[in-house]
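Just below is one structure, and these are the notes that go with it.
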Amino acid sequence: MISIEDAQRNILEYITPLETEKVSVFQGLNRITPEDHVAPWDIPAADNSAMDGFAFSHAALSGESLRVTGFLPAGEVGSVPVPAGGAIRIMTGAPIPPGCDTVVPLEDVEEDGESIRFISKIKTGSHVRKRGEDIQRGNIVIPAGALLRPQEIGMLSAMGTTALAVYRRARVAILATGDELLEPGSTPAPGKIINSNSYSLAAQVLDAGGDPVLLGIAPDALDATCDKIKGGLNADMLVITGGVSVGDRDFVKEAIEKLGGSVTFWKVNVKPGKPLAFAMLQGKPVFALAGNPVGAMVAFELFVRPSILKSMGHRRLFRPMVKALLQEPAVNKGERPHLVRGMVSLRDDHYHVSTTGNQSSGRLSSMIQGNGLIRLAPNAVHTVGEEVEVLLLDRRFEMKEAMQ
Ligand code: AMP
Ligand code: MG
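Number 277 in our numbering belongs to position 231 of the sequence shown; there are no gaps in the numbering.
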């Protein structure tokens with residue numbers, strides 16, 4: 047059996063970045079830039095006031111009061127120099143006029159007709175935002191490979207960008223297999239179940255930033271499976287669920303081979319998600335995952351999600367793995383590492399984790415309560431309070447881990 051990490055490494059070697067496309071700056075959100083973005087100007091472009099108040103020259107100050115000689119709102123430039131010993135009423139964001147270097151906020155003065163009196167002491171240069179203090183012209187502000195979050199979108203806009211190149215979204219075709227499957231909307235007849243995997247997988251594709259293409263259900267028959275697979279080869283990748291084990295009616299591997307793909311089949315040393323077939327078929331990666339609802343989702347997490355991210359230019363391909371304190375005993379009697387669905391919380395700067403109960407790989411409910419996967423080594427026996435490794439599936443923790 048091959049380890050999770052070796053299977054991931056082997057697969058990722060085949061995954062190359064997709065092309066880039068030009069999108070409006072908004073549509074760049076959560077995408078990766080293939081190029082550096084260099085500041086075309088200083089931000090701020092000029093020294094300006096950080097407060098509504100009065101601008102004056104600190105050196106020319108004599109005594110506690112100043113005569114107010116004009117008014118400068120945001121959006122205008124003071125053309126007349128402020129006379130020495132005078133002040134100009136200035137609004138936040140307005141450029142500091144020639145001859146001034148300091149701003150006193152409105153709330154720190156008493157106004158008396160044409161003049162103002164300071165209530166407290168004012169330091170030279172206070173409440174002035176200096177030219178270029180945020181961004182300096184010519185600097186790389188957003189490097190190639192960066193993930194564009196709302197703050198990057200704002201910065202790109204401040205640099206005058208309206209459209210930019212990003213790696214395009216991966217189109218991921220999804221095929222369910224099985225004579226027992228019915229699409230949601232029907233009531234299961236005897237012997238039938240609803241195809242839920244197509245939808246959990248499609249949601250996982252969306253969640254990874256990809257664009258799912260639903261191919262429907264292939265019956266358990268070779269030619270029909272081939273036809274459905276062919277229909278998926280217009281996409282950038284194909285994910286198949288079910289039909290990949292050794293049952294009499296498992297045709298997925300045979301179908302991929304019949305279409306010319308050479309299939310690597312692994313029994314991955316993990317529970318759930320053990321059966322995994324991977325092939326390059328007409329240049330497209332094809333993943334055949336377990337049919338069990340939990341096995342399919344976990345295998346997607348481990349193998350498909352990193353592939354989608356790599357194809358879309360991401361550098362960070364894996365979810366964070368952290369140490370968490372067990373809230374209950376946990377035992378793995380098996381010979382394979384067990385990824386137990388767990389509920390992770392963060393308290394006093396420590397992660398805590400409990401399991402979600404019954405871990406049968408057919409029980410999707412074990413994923414519902416969970417937001418992480420506890421990795422239990424083979425034959426592990428853990429008591430309450432011991433540290434275990436947890437793969438965090440919860441976005442809320444991602445930022446914290448990215449900052450470590
Ligand atoms: P298989 O790998 O095809 O033998 O399927 C294993 C188990 O997963 C069986 O109990 C199937 O009924 C179930 N299963 C397979 N495909 C799906 C699906 N698309 N949605 C929900 N359950 C499925
Ligand atoms: Mg099946």
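Ideal Cβ positions, reconstructed from N, Cα and C, are used throughout, including at glycine. Treat the numbers as computed from the prediction; the structure is a model and nothing was measured.
Terminal residues of the alpha helix (DSSP H) in which K276 lies: Here residue 276 refers to the residue found at position 230 of the sequence shown. Element bounds for K276: L268 to G278.
8 Å Cβ cutoff met for E122 and A140: Working through the sequence shown from its first residue, we reach residue 122 at position 76. Working through the sequence shown from its first residue, we reach residue 140 at position 94. Going by C-beta atoms, E122 is nearer than 8 Å to A140.
Among M326, P331, I414 and L422, the one whose alpha carbon lies nearest that of L371: To locate residue 371, count along the sequence shown from 1; it is residue 325. Looking at the Cα atoms, L422 is the closest of the given residues.
Beta strand (DSSP E) runs wholly inside the stretch 198 to 224, at least 3 long, in chain order: 209 to 213 and 217 to 223
A336 Cβ short of 7 Å to ligand 1 heavy atom set: As a first step, residue 336 is located in the sequence shown; it is residue number 290 there, counting from the start. At least one heavy atom of ligand 1 is nearer than 7 Å to the Cβ of A336, so yes.
With 16 other Cβ atoms within 10 Å as the buried cut-off, status of G341: By 1-based counting over the sequence shown, the position of residue 341 is 295. With 16 or more other Cβ atoms within 10 Å, it is buried.
V80 versus R135: straight-line alpha-carbon distance, rounded: By one-based count along the sequence shown, residue 80 stands at place 34. By one-based count along the sequence shown, residue 135 stands at place 89. A small correction: the amino acid at residue 80 is Pro; Val does not occupy that position in the sequence shown. Answer to the nearest angstrom: the Cα atoms are 46 Å apart.
Bounding residues of the alpha helix (DSSP H) (the contiguous stretch that carries E303): Stepping through the sequence shown from its first residue, residue 303 is reached at position 257. V298 to K304 is the extent of the alpha helix (DSSP H) around E303.
For Y397, the residue or residues it bridges with in DSSP: Within the sequence shown, the letter at position 351 stands for residue 397. Y397 is bridged to A370 and L392.
Run of the alpha helix (DSSP H) containing K446, from where it starts to where it stops: As a working mapping, residue 446 is identified with position 400 in the sequence shown. Where K446 is concerned, the enclosing alpha helix (DSSP H) stretches over R441 to A448.
Backbone secondary structure at P339 - three-state DSSP: For the purposes of this step, residue 339 is taken as the residue at position 293 of the sequence shown. DSSP places P339 in helix when its eight states are reduced to three.
D225, buried or exposed, once every other Cβ within 10 Å from all chains shown has been counted against 16: Position 179 of the sequence shown holds residue 225. So D225 counts as exposed.
The stretch 185 to 193 in contact with the stretch 155 to 171 per 3-pair CB rule at 8 Å: no
Own chain, CB closer than 7 Å to E65, minus 5 neighbours either side, in chain order: Numbered from its first residue, the sequence shown carries residue 65 at position 19. So the qualifying residues of the chain are R214.
Distance cut-off 7 Å: D294 Cβ against heavy atoms of ligand 2: Stepping through the sequence shown from its first residue, residue 294 is reached at position 248. The answer is no for D294.
Segment contact, 8 Å Cβ cut-off, at least three pairs: the stretch 67 to 85 with the stretch 109 to 125: no
DSSP three-state assignment for S308, whether helix, strand or coil: Locating residue 308 in the sequence shown gives position 262, counting from the first residue. The answer is strand: DSSP assigns S308 an E or B state.
Nonlocal neighbours in the same chain, by C-beta distance under 8 Å from S308, ignoring five residues either side: The residue you call residue 308 lines up with position 262 of the sequence shown. These residues qualify, in order along the chain: A325 and M326.
A120 (DSSP reduced to helix, strand or coil): Position 74 of the sequence shown holds residue 120. A120: coil per DSSP, three-state reduction.
Member of T233, P234, K238 and I263 whose CA lies at the smallest distance from the CA of Y245: Taking the first residue of the sequence shown as position 1, residue 245 is located at position 199. It is I263.
Per-residue burial, I239 [other beta carbons within 10 Å of its own, 16 or more giving buried]: Position 193 of the sequence shown, counted from the start, is the residue given in the question as residue 239. Exposed is the call here.
DSSP state of P352 mapped onto helix, strand, coil: Taking the first residue of the sequence shown as position 1, residue 352 is located at position 306. In this structure, P352 counts as helix in the three-state DSSP scheme.
Ligand 4 heavy atom lying under 7 Å from the CB of T402: Summarising the ligand content, the structure contains ligand 1 and ligand 2 and does not contain ligand 4.
Element boundaries [beta strand (DSSP E), containing R421]: Taking the first residue of the sequence shown as 1, we reach residue 421 at position 375. Counting along the chain, the beta strand (DSSP E) containing R421 begins and ends at G418 to L422.
Simplified DSSP assignment, three categories, for S161: Taking the first residue of the sequence shown as position 1, residue 161 is located at position 115. Strand, per DSSP.
Selection from Q405, S407, S242 and D395 that minimises the alpha carbon distance to L221: For the purposes of this step, residue 221 is taken as residue 175 along the sequence shown, with counting starting at 1. For L221, the nearest C-alpha among the options comes from S242.
contact_flag[the stretch 438 to 446, the stretch 265 to 281] where n(CB pairs < 8 Å) is 3 or more: no
Cβ-Cβ separation, V285 to D257 (assumed contact under 8 Å), whole Å: In the sequence shown, counting from the first residue as 1, residue 257 sits at position 211. In the sequence shown, counting from the first residue as 1, residue 285 sits at position 239. D257 to V285, Cβ: 13 Å. No contact.
C-alpha gap between A345 and E51, whole angstroms: The residue given as residue 345 occupies position 299 in the sequence shown. The residue given as residue 51 occupies position 5 in the sequence shown. So the alpha carbons of these two residues sit roughly 12 Å apart.
Proximity below 8 Å, CB of V332 to CB of I354: Position 286 of the sequence shown, counted from the first residue, corresponds to residue 332. Position 308 of the sequence shown, counted from the first residue, corresponds to residue 354. Taking 8 Å as the Cβ cut-off, V332 and I354 do not qualify as a contacting pair.
Three or more C-beta pairs below 8 Å linking the stretch 407 to 417 and the stretch 359 to 376: no
Straight-line gap, A105 to S125 (C-alpha atoms, nearest Å): Here residue 105 is taken as the residue at index 59 of the sequence shown, counted from 1. Here residue 125 is taken as the residue at index 79 of the sequence shown, counted from 1. Answer to the nearest angstrom: the Cα atoms are 21 Å apart.
At least 3 beta-carbon pairs within less than 8 Å: the stretch 355 to 365 vs the stretch 286 to 305: no
Residue range of the alpha helix (DSSP H) that includes D257: In the sequence shown, residue 257 corresponds to position 211, counting from 1. Segment D257 to A264 is the beta strand (DSSP E) holding D257; no alpha helix (DSSP H) there.
Euclidean distance between Cα positions of P352 and M445: Stepping through the sequence shown from its first residue, residue 352 is reached at position 306. Stepping through the sequence shown from its first residue, residue 445 is reached at position 399. Their Cα atoms are separated by approximately 18 Å.
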